[in-house]
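What follows is a short report on a single structure.
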Amino acid sequence: LWQRMGRAMIGADVLYLPGMPQMDGASLFDELGCYVPQEFLYRAEFSSWEECEKIQRTRSRKKHDKQQAAKLRAMGEVSFEELGPGVKALDAIDKMFAQKAIRFEQMGIKDPFADEDTREFYKDLFRENNALGAKLQVLSLNGEIVATRYNLSYMEKIFVLITSMSERAEIRPGSPGKQSILHGMASIFQSEFSIHDMGAGFSDEKGRWCNKKYQLNTCYLALNKKGKMAAKLHRMKARARNAIKDNERLFKLFKAVRLALRKNISNRT
Numbered sequence: 001l002w003q004r005m006g007r008a009m010i011g012a013d014v015l016y017l018p019g020m021p022q023m024d025g026a027s028l029f030d031e032l033g034c035y036v037p038q039e040f041l042y043r044a045e046f047s048s049w050e051e052c053e054k055i056q057r058t059r060s061r062k063k064h065d066k067q068q069a070a071k072l073r074a075m076g077e078v079s080f081e082e083l084g085p086g087v088k089a090l091d092a093i094d095k096m097f098a099q100k101a102i103r104f105e106q107m108g109i110k111d112p113f114a115d116e117d118t119r120e121f122y123k124d125l126f127r128e129n130n131a132l133g134a135k136l137q138v139l140s141l142n143g144e145i146v147a148t149r150y151n152l153s154y155m156e157k158i159f160v161l162i163t164s165m166s167e168r169a170e171i172r173p174g175s176p177g178k179q180s181i182l183h184g185m186a187s188i189f190q191s192e193f194s195i196h197d198m199g200a201g202f203s204d205e206k207g208r209w210c211n212k213k214y215q216l217n218t219c220y221l222a223l224n225k226k227g228k229m230a231a232k233l234h235r236m237k238a239r240a241r242n243a244i245k246d247n248e249r250l251f252k253l254f255k256a257v258r259l260a261l262r263k264n265i266s267n268r269t
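Note that the sequence shown ends on residue 269 in full-length UniProt numbering; no numbers are left out.
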């Protein structure tokens, strides 16, 4: 099947498929042959909020969450709401993108949402009802949005695509990001959802809430000799990248060099 698909791609040298999942120990893409382990996909899979809370929240975590919630409430009125398609959600998405832009600038990373067409793509899903079940989870302090989670749902699954948090230093003791996901997880597993997909790549948030992880592979299907060479070189690059990410010292050095280069380029322009 894959070979027939490849032959139909006139003019192509190699079929490049990143992020192919290996679910429950079985790969659906073994026939592709060459692949490089990429990273893991993280999910929280629970039948109820009670089960999720019992497994993922220890006594010390509950105590810590309670303390942070108290600190946030001490700063003013805290509210959490879920927004579907509509003007209010569109305004909240604009705020989310503004928060993300500040965060990316601080990290020295190019903002992937800077392009207006990209932003409009995400906003379009909140302009009308659709089969993907757009759902925006918003945490506010004194009426100001301090954390946002952008979700799409399908049947029993809900996928978080974007998260954001205010960069105001004075509210950090209240950990609005952690409070937002706590409210969000409770809402998700108290409703019809049993699988919350939190995407690829490890983070502290995923470590705290996810009980399942699935291997993602980058697969290659070479269609000719040129494609074989290209796939081989790309696999070498992917393995080098994985080695850097797996070594804390090398990864910190890489990020420092990347930030310095981008600042230098920015100063020149």
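For every residue, glycine included, the Cβ atom is placed at its ideal position computed from N, Cα and C.
Quick one: what's residue i bridged to in DSSP?
i	result
I158	S153, H196
R43	D197, K212
E144	L141
C219	L17, Y35
E53	Paired residues: none, contrary to the question.
residue 309	The question about residue 309 has no answer, for the chain in this structure spans 1 to 269.
Candidates the options: which alpha carbon is nearest residue i's?
i	options	result
Y214	F40, E81, F189	F40
M198	M236, S153, A240	S153
G143	T118, Q22, R57, M75	M75
R43	C210, R57, E53	C210
G86	G201, I171, L125	L125
I188	Q22, K178, R172, K157	K157
Q84	K100, L259, D65, Y122	Note that residue 84 corresponds to Gly in the displayed sequence, not to Gln. Cα-wise, what sits closest to G84 is Y122.
C219	S166, R59, V14	V14
A238	Y35, G11, M23, G6	Y35
S191	E82, Q3, K54	E82
M165	Q99, Q56, L221	Q99
R37	K225, F193, K245, L161	The question names Arg, yet the displayed sequence has Pro at residue 37. The option with the nearest alpha carbon to P37 is K245.
T118	E128, F97, S60	F97
Please say whether residue j and residue i have beta carbons closer to each other than 8 Å?
i	j	result
M9	L233	no
E45	I195	yes
A147	G174	no
Y150	L132	no
E167	R103	yes
Which same chain residues, not among the five before or five after residue i, have their C-beta less than 6 Å away from its C-beta?
i	result
F80	L139, H183
F159	L152, D197
L259	G108
R235	V36
Output needed for residue i: all residues of its chain with C-beta closer than 8 Å, excluding positions within five of it in sequence on either side, in chain order.
i	result
A101	D111, F113, A114
I55	F46, N211
I171	L72, M75, L141, V146
E248	none
F251	I244, K245
Open item on the list: Using a Cβ distance threshold of 8 Å, determine whether the segment 124 to 138 contacts the segment 89 to 99, with at least three qualifying pairs required.
Closed with: yes
Open item on the list: Contact between the segment 45 to 59 and the segment 100 to 117 is defined here as three or more beta-carbon pairs at a separation below 8 Å; is this criterion met?
Closed with: no
TODO: Determine contact between the segment 11 to 22 and the segment 176 to 183, defined as no fewer than three beta-carbon pairs at a distance below 8 Å.
DONE: no
Task: Validate contact between the segment 60 to 69 and the segment 99 to 108 using beta carbons, cut 8 Å, 3 pairs - done: no
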